[in-house]
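*Asks:* For the protein sequence lines, the chains are U and L, in the order given.
For what it's worth, the working numbering labels the leading residue of the first sequence as 1, then goes sequentially.
For what it's worth, the working numbering labels the leading residue of the second sequence as 370, then goes sequentially.
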Amino acid sequence: MSEKTEMNLFMGPQHPAMHGLWAMRLILDGETVLDADAVMGYLHRGYEKLLQNRQYEQGIPLVDRLCYVESMNWSLAYAHAIEGIFEVEIPDKAKAIRIIASELQRLASHSLWLAAMAADLGQLAMLVLPMNAREYILKLFEMMTGARMTYNLARIGGVAKDLPPHFASALERTLEDFHHKYGEFFDMLDESQIWRMRTEGVGILSKEQAIEWGTTGPVLRASGVPYDIRKVEPYWGYEKMKFKVITRTVGDSFARFRQRLDELEESIKIIYQALDWYHEFRDSDPHRLDKIPKRPPAGKKVYRRIEAARGEAGFYIESDGSLQPKRVRIQSPTFKNLYALPILVKNQKLADIPAIMGTIDLCVGDLDR
Amino acid sequence: MFKLSVDTHIICRKGEKMEPDEVVEKVKSQFGDKILDVEVLSETRVHVEVPKEEIVNLASYLKHELGFNYPDTNFGTDRKDDGVIELIWYVGRMDSPLLVGMKTKIDRENPIVPSMTKIWQGFNWGEREAYDMLGVLFEGHPDLRRIYLPEDWDGFPLREDYVYKRPRYTKPEDNDPDYYVKKF
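(1) In terms of alpha-carbon separation, which member of U:Val-232, U:Arg-230 and U:Trp-213 lies closest to Ser-223 of chain U?
(2) Name, going along the chain, the residues of the segment 411-432 of chain L whose beta-carbon falls closer than 7 Å to a beta-carbon of chain U.
(3) Can you find a CB in chain U that lies within less than 9 Å of the CB of Leu-518 of chain L?
(4) Quick check for students: name the residue ranges of the alpha helix (DSSP H) that lie wholly in the segment 23-110 of chain U, counting only runs of 4 or more.
(5) Considering only their Cβ atoms, is the gap separating Ser-319 of chain U from Lys-300 of chain U smaller than 9 Å?
(6) Determine, using beta carbons only, whether Tyr-278 of chain U and Lys-93 of chain U come nearer to each other than 9 Å.
(7) So does the segment 354-361 of chain U actually touch the segment 250-257 of chain U, counting three or more Cβ pairs closer than 8 Å?
(8) With a cut-off of 8 Å on the beta carbons, I'd call Ile-85 of chain U and Pro-296 of chain U a contact; round off their distance for me.
(9) Just to make sure I have the definition right: I need the residues of chain U whose C-beta is within less than 8 Å of the C-beta of Pro-444 of chain L. Which are they?
(10) Which residues in chain L have a C-beta closer than 7 Å to the C-beta of Ile-368 of chain U? List them in chain order.
(11) What is the residue span of the alpha helix (DSSP H) that Trp-277 of chain U lies within?
(12) Please go through the same chain and pick out, in chain order, the residues whose beta-carbon is closer than 7 Å to the beta-carbon of Asp-447 of chain L, but skip the five residues on each side of it.
(13) Please report whether the beta-carbon of Thr-373 of chain U lies at a distance below 9 Å from any beta-carbon of chain L.
(14) Using DSSP's beta-bridge definition, name the partner residues of Lys-474 of chain L.
(15) Could you give the C-beta distance for Asn-73 of chain U and Ala-274 of chain U, rounded to a whole number, given that I count them as a contact under 8 Å?
(16) I want to verify the contact list: residues of chain U whose CB lies under 8 Å from the CB of Pro-526 of chain L, in sequence order.
(17) Kindly list, in the order they appear in chain L, the residues whose Cβ is closer than 9 Å to that of Gly-41 of chain U.
(18) Can you check whether the C-beta of Gly-183 of chain U is within less than 9 Å of a C-beta belonging to chain L?
(19) As a quick exercise: from U:Ala-351, U:Glu-6 and U:Glu-135, pick the residue whose alpha carbon is nearest that of Met-197 of chain U.
(20) So, Met-485 of chain L versus Glu-498 of chain L, is the Cβ gap smaller than 9 Å?
(21) With a threshold of 16 other CB atoms inside 10 Å of the CB of Arg-282 of chain U, please say whether the residue is buried or exposed.
(22) Between U:Glu-31, U:Pro-13, U:Pro-333 and U:Val-88, which lies nearest to Thr-216 of chain U when the distance is taken from Cα to Cα?
(23) 9 Å is my cut-off, CB to CB: does Gly-504 of chain L come that close to chain U?
(24) Using a cut-off of 8 Å between C-beta atoms, extract the partners of Asn-493 of chain L located in chain U.
(25) Using the Cα positions of Phe-315 of chain U and Asp-177 of chain U, report the straight-line distance between them to the nearest angstrom.
(26) Using a Cβ-Cβ cutoff of less than 6 Å, which residues in the same chain neighbour Val-414 of chain L once the five nearest sequence positions on both sides are dropped?
(27) Step through the CB atoms of chain L and report whether any lies within less than 9 Å of the CB of Lys-326 of chain U.
(28) Taking just the CA atoms, how far does Arg-535 of chain L sit from Arg-230 of chain U?
(29) Count the C-beta pairs between the segment 227-247 of chain U and the segment 304-312 of chain U that are closer than 8 Å, then say yes if the count reaches three, no if not.
(30) Are any of the Cβ atoms in chain L nearer than 9 Å to that of Trp-213 of chain U?
(31) Verify the CB distance criterion: does Val-225 of chain U have a CB-CB separation below 9 Å to chain B?
(32) So if I threshold CB-CB distances at 9 Å, which residues from the segment 473-497 of chain L count as touching chain U?
(33) Go ahead and label Tyr-339 of chain U buried or exposed: buried means 16 or more other beta carbons lie within 10 angstroms of its beta carbon, across all protein chains shown.
(34) Closest by CA to Asp-451 of chain L, which one among L:Val-417, L:Gly-491 and L:Ile-475?
(35) Which residues share a DSSP beta bridge with Gln-331 of chain U?
(36) Could you name the residues of the same chain whose beta carbon sits closer than 8 Å to that of Leu-112 of chain U, not counting the 5 residues immediately before and after it, in chain order?
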């Protein structure tokens, strides 16, 4: 018998704590992780090639399914990039609707994140409560678009439909309720000894590491870098919205967890302001441009990013003058954040892996594309 | 050129205000005629193209002299008509919306280029993806292997002349008649 105490563990793709379809090869010594390697590609659908073989409008419903948890942000991001290629500016009412939709999607996505992460760490009551809160937001989306998950609301030049007549009152009621529920989530977890023990001091990502490794979104901001694309490079009228960029200094799992909960509060503020902005233009602006050029100018290159719930979602499009793009590159936040994970889990215990992985907030849809 | 609807000066909170023309001027004064092409796409996007031999010098100049320490994204584009694969690495700074894209063109038949992982560690997986999808070999990459497709996949999908070959699954005994004898 050999004296080796190392064990190879394949934390495989079909795993309830993996947040999707990807795997990790671990080398363990007892409970301590010696080495980790991420294995992905189980959900690779060849999106870049798909989008290059379709016309611009045909890509929009496809892009919804990239990260299906926050699909509104992705189709709006693709439409945003296409509008850069076609060199059109969307009307103000469409911008307000896009902001409302994007921030509501952020609320829904963070609720799902919290449910998944809490369930991983054993707090099963918090599996159900955020999912319940998310249901009310999905009801709002159903009023807005007709769908609960992959919405196809974005169009080149605006949005597909205007907000329905009684949307404003439904939105205000839901947001008040959600704000109250969010207070409950906070009380359940923030004051829980077990939660704190499992997440404080675990997976510390320093500021220099966060910048060097290219992390983005809440992971970057929880390590002390105030980089939020809604402030750095505003789009759709975010420069008119008043909100704070939240950062935390420690950069451990608990900081990333609190970071996302605090961002929910800022999102609610943004939605109220966007709703007021929408009401100014409700009767005067169209929700979509009438005329868009059929073909974009040849040789035009555009790289546009938005702040999705997980971080920076970007599209680089290069056109060659025809109806289909020459090159589409999908820049995914999970791809950038996940690079940090196998390095962070080294020399941690096996049980810390869900604590770190949960706070990085993976969605394998946009990891694999 | 698309005009941003907001003044970018307001957004840079600390550090130097980085405007594209400023960066272009500095890069040109350092590298002179080694630069093949400069494109200012908008107020926040600049592309600088250099030949493959100069890409490491340009990278360290951007990181150490100009302070572009955030690796944003990198990828390649296959241009079959010109016989080249064009690679681009976007880098940025934490206090500015400006992204500089370092571009280089490499030969399709001999796609070897120095890796940027020693300078910005965040480009590690992006270069693995460029190898996986386009077949670009990065010299000096610590771990160059396929990232999405299985290890034994044949071909590079994002190339323009890629044809999907339906895999032929063979059993081990097809190749070796004594397989079961040796096994047991």
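For every residue, glycine included, the Cβ atom is placed at its ideal position computed from N, Cα and C.
*Replies:* According to the structure shown:
(1) U:Trp-213
(2) Thr-413 and Arg-414
(3) yes
(4) 47-52, 56-64 and 71-86
(5) yes
(6) yes
(7) yes
(8) 5 Å
(9) A small correction: the amino acid at residue 444 of chain L is Phe; Pro does not occupy that position in the sequence shown. In chain order: Tyr-316 and Arg-329.
(10) In the sequence under discussion, the amino acid at residue 368 of chain U is Asp, which differs from the Ile named in the question. Ordered by position in chain L, the residues that pass the 7 Å Cβ test against Asp-368 of chain U are Tyr-517.
(11) 253-280
(12) Ile-454, Leu-503, Leu-527, Arg-528 and Glu-529
(13) Beyond the ends of chain U as shown, which are 1 and 369, falls residue 373 of chain U; an answer cannot be given.
(14) L:Glu-455
(15) In fact, because the Cβ distance is near 15 Å, the residues do not count as touching under 8 Å.
(16) Gly-46 and Lys-49
(17) Asp-501, Arg-515, Ile-516, Tyr-517, Leu-518 and Pro-519
(18) no
(19) U:Ala-351
(20) no
(21) exposed
(22) U:Pro-333
(23) no
(24) Tyr-339
(25) 35 Å
(26) Note on residue identity: the sequence assigns Arg, not Val, to residue 414 of chain L. Taken in chain order, the residues that qualify are Leu-468.
(27) yes
(28) 45 Å
(29) yes
(30) yes
(31) Of the protein chains in this structure, namely U and L, none is chain B.
(32) Trp-489, Gln-490, Gly-491, Phe-492, Asn-493, Trp-494 and Gly-495
(33) buried
(34) L:Ile-475
(35) U:Gly-314
(36) Val-69, Pro-130, Met-131 and Arg-134
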